[in-house]
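Quick note: the sequence shown uses this note's numbering, first residue 6, plus one each step.
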Amino acid sequence: MQIKIQDDIKDCGLYVLQSLHKLFWRKWIDVNQLKYRAIYSENGISISNLTSLAKDINLELEAYKINWEEFLNLKSKTPVISIIKIDNFLHYIIIKKIKNGLVEILDSVNGKRRIELQNFQKLFSGLILIVNKSSTKNKIEMYFKNSFLRPEISFKLLFATVYLSVLLVLFNYFLSFVSKYIFSYIQEQNKVFALKNILLFVWVSFLSILVSFIITLIQNLIKNKISKAIKLNYVDKVKRSSYNQINKISKNEIILRYLAIDSIAYYYSSITTFLPTIIMSLFLFFPLLLFVQVKFLILIIFLNILKIIIGFFINFKIYNLSKQNTIKTVEEINELSFLINRDNSYYNLIWNNVEKFNYLENIQTIQINDNKLNKLNSLKNLIFGFLNLISNLIIYIVFVINNSNNISELLFILQIQTIINNPANDFQNFLIANKIFKINYHRIAFILDIPTLSNLSLFNKNKNPINSIYLNNLSFQYDKKLIINNLNLTINKGLIITGQNGSGKSTLIKIISGLIKDYQGSVVFNNTNISEFSQNWFDNHVFFSDKEKDLPNLDLYTYIFWNINENERDKILNNKDFQFILKILNLDIFSNILINKNKLSLGQLQLIKLLPLLIKKYQIILLDECFDSLSKKTFKIVKKIIREKQKNSLIIETSHNNRFLNEKAQFFNIKK
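Dropping the structure here:
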């Protein structure tokens with residue numbers, strides 16, 4: 006029985022279920038499938054949800070609260086799930102057995118390990134789950150059809166790569182025979198035939214170099230095409246993903262997984278040359294029996310098999326260290342992100358006394374692992390070098406013992422050894438590349454197969470202004486917490502939403518904006534459900550802004566005027582109120598707003614995010630605490646410009662300091 010190492014901190018329960026499914030049903034189930042179904046709370050997955058997930062994959066869990074003595078006397082024919090406390094987090098593990106004062110567990114963080122009873126008692130929470138196989142096997146419903154990472158490569162490119170790879174092997178194979186004849190003719194002092202063969206050797210070598218160059222170009226072309234296709238699909242899935250699903254991983258995780266796409270594409274492109282090379286090399290091996298003594302071939306094959314076996318064990322360690330580094334890199338980026346985004350003295354204290362030490366620990370772990378990786382790779386190269394040396398020595402010794410002076414045959418055998426060694430080395434390198442590929446594949450798969458709320462409508466030609474919004478039996482749940490419960494509301498001329506922090510004000514605005522789609526009930530614009538409006542319509546007619554500090558990587562000029570015609574642009578630039586706004590920003594209009602973000606105050610950041618309202622007319626405007634950091638004078642001018650530009654627009658807003666565009670709008674207090 007074994008357990009895989011988890012990627013995300015809250016997924017221990019999922020990996021426990023995966024391991025148990027393998028034990029009972031002899032099949033690994035995709036953790037991403039469980040992750041899509043899971044409901045995450047602040048501390049991870051609850052026992053009730055884990056029990057429900059187990060039922061979905063034909064396992065039955067029964068939870069019990071027991072004391073330590075009962076635990077020691079526990080007799081179960083099957084493994085037991087237990088919950089232990091680590092750093093104040095509840096962590097699911099599998100208990101295999103208790104024997105000789107040791108508890109043998111399977112842990113998705115540390116793998117298989119044994120813990121002394123007295124130490125385990127300190128971790129024990131008193132909660133266990135008895136696991137049984139379901140009496141009936143029901144079909145497990147999948148969220149996808151495993152089509153997310155099937156790269157489409159044009160037949161011409163694929164054929165060219167395979168053809169040239171085979172040709173390259175043939176060239177190298179042919180060159181070994183040509184060189185054999187060159188030395189034979191030199192020994193025979195047949196200069197004419199020796200020179201002819203040298204010319205042939207040079208010409209075929211040139212073709213071999215040229216073919217290798219073309220293969221590299223085609224391989225890069227294939228890699229770039231695959232990378233582009235996956236990246237476009239990835240971004241599309243992030244954009245269309247369910248709010249509850251995409252929030253199961255952090256924003257930093259989304260970026261880090263995106264960065265792994267190039268390695269996925271490179272792996273796919275390398276297969277197009279690796280497979281034909283290996284197959285052709287094996288095919289050409291058998292004719293060598295006619296030209297090389299069998300004892301030399303057996304020696305070469307034996308040493309290469311030994312290389313593959315040694316490489317397998319070393320590569321297994323490399324794989325585990327690489328996976329651990331991937332997890333630690335995510336944690337390192339998260340700590341660094343906290344440092345960059347800290348904005349008060351308390352957060353500084355947290356960084357200096359907690360986060361900084363976590364960050365340094367992650368760096369140290371990664372460095373230690375990198376050193377181990379370098380040592381393992383060096384050890385592998387050293388062993389392979391010694392094996393090659395041993396092979397050469399044995400070949401030389403055999404020639405000396407046999408008093409052979411056939412130099413051409415000796416060199417031919419050494420070249421054949423190289424021809425066999427190269428595919429063997431490529432094969433064992435492929436094994437580790439394949440394992441690392443699976444790490445990235447699984448991580449990217451979560452995004453590319455994520456359940457989305459598709460919107461296939463083409464409702465773009467609605468010319469009637471939106472003058473009413475109806476919320477019918479609206480409910481929304483996140484992390485098993487009901488944020489909005491059966492809300493019915495009619496909005497006609499605008500709305501001001503009030504309520505305590507955490508009452509759901511921001512969530513309600515995001516639902517109306519179309520950002521959150523996985524809710525129950527309906528949202529209706531005029532007489533049309535918003536599910537019938539396309540994303541393009543929302544982008545052009547609904548403005549949403551909140552207090553977050555996110556800004557695009559653009560210069561201010563492009564950010565404002567990217568779709569404004571020249572006459573309108575000149576008119577805006579000459580407007581005195583707009584010039585006053587630019588003066589407040591104290592930012593060159595052609596400077597990059599993201600690069601200058603840290604130089605700007607909260608008020609200036611809010612002002613930049615509101616600039617589109619001064620330029621473009623929208624039908625619906627949604628503002629979540631957007632004026633709280635503006636000075637009174639700035640707010641007065643901005644309010645005047647927006648009200649003139651957005652006359653008759655339906656405005657919904659929240660504020661902590663009672664700064665609203667339309668004070669006469671309907672007030673609605675949302676209760677927590």
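Note that the Cβ used here is the ideal one computed from N, Cα and C, for glycine as well.
On a predicted model such as this, the values are computed, not experimentally measured, just so you know.
CB of residue i within 8 Å of CB of residue j, strictly
i, j, result
"F417", "S181", "yes"
"P456", "Y41", "yes"
"Y248", "K522", "yes"
"S480", "N491", "yes"
"H546", "Y475", "no"
"I437", "L378", "no"
"I502", "I626", "no"
"L64", "L25", "yes"
"I8", "L111", "yes"
"R31", "A265", "no"
"Q433", "I305", "no"
"T282", "P428", "yes"
"V216", "L172", "yes"
"L453", "K242", "yes"
"L561", "L599", "no"
"I371", "K328", "no"
Selected residue, minimal CA-CA separation from residue i, among the options
i, options, result
"I120", "N105, L287, A234", "N105"
"V174", "F290, K377, N472", "F290"
"S130", "I89, I145, S139", "I89"
"L666", "K677, K676, Q651", "Q651"
"F179", "I203, N478, D454", "I203"
"T659", "K515, Y186, I145, S53", "K515"
"F176", "G316, L592, L205, I368", "L205"
"I441", "W208, S53, I646, Y272", "Y272"
"I488", "S508, N478, N497", "S508"
"N478", "L513, F451, G499, N506", "L513"
"I223", "L212, F296, K677, I158", "I158"
"N497", "I254, S654, G116", "S654"
"K230", "L200, L163, S189, K253", "L163"
"E67", "N426, W73, T83", "T83"
One or two residues paired with residue i in a DSSP bridge
i, result
"Q250", "Q250 is not bridged to any residue."
"L68", "The residue you asked about is not Leu; residue 68 is Ala in the sequence shown. The partner list for A68 (beta bridge, DSSP) reads L134."
"V108", "I103, I120"
"D560", "N597"
"D629", "T659"
"N477", "S527"
"V85", "I100, I135"
"V547", "I625"
"Y45", "I50"
"I501", "E658, F672"
"L494", "L476"
Rounded Cβ spacing between residue i and residue j (contact assumed at less than 8 Å)
i, j, result
"S87", "I10", "Actually they are not in contact, since the Cβ atoms of S87 and I10 sit about 19 Å apart, beyond 8 Å."
"L39", "L58", "6 Å"
"N674", "G504", "6 Å"
"V529", "I517", "About 11 Å; that fails the 8 Å criterion."
"I586", "I620", "Going by Cβ atoms, the distance from I586 to I620 rounds to 11 Å, so no, they are not a contact pair."
"I135", "Y69", "7 Å"
"I269", "I227", "That belief does not hold up - the Cβ atoms of I269 and I227 are roughly 13 Å apart, past 8 Å."
"N257", "I338", "5 Å"
Assigned exposure category for residue i - 16 Cβ within 10 Å defines buried
i, result
"G49", "buried"
"D12", "buried"
"E668", "exposed"
"W542", "buried"
"F672", "exposed"
"P470", "exposed"
"N376", "exposed"
"Y168", "exposed"
"V85", "buried"
"F218", "exposed"
"T166", "buried"
"F548", "buried"
"S152", "Any reading at S152 needs caution, since the residue's pLDDT is 48, under 50, leaving its predicted position unreliable; the model's value is listed next. Exposed, by the Cβ-count rule."
"G316", "buried"
"E649", "exposed"
"L461", "Because L461 carries a pLDDT of 37, less than 50, the predicted location of this residue cannot be relied on, and the following value inherits that uncertainty. L461 comes out exposed."
"Q611", "buried"
"N37", "buried"
"Q23", "buried"
"V405", "exposed"
Residue i Cβ short of 7 Å to the ligand GTP heavy atom set
i, result
"F160", "This structure lacks the ligand GTP; in fact it carries no ligand of any kind."
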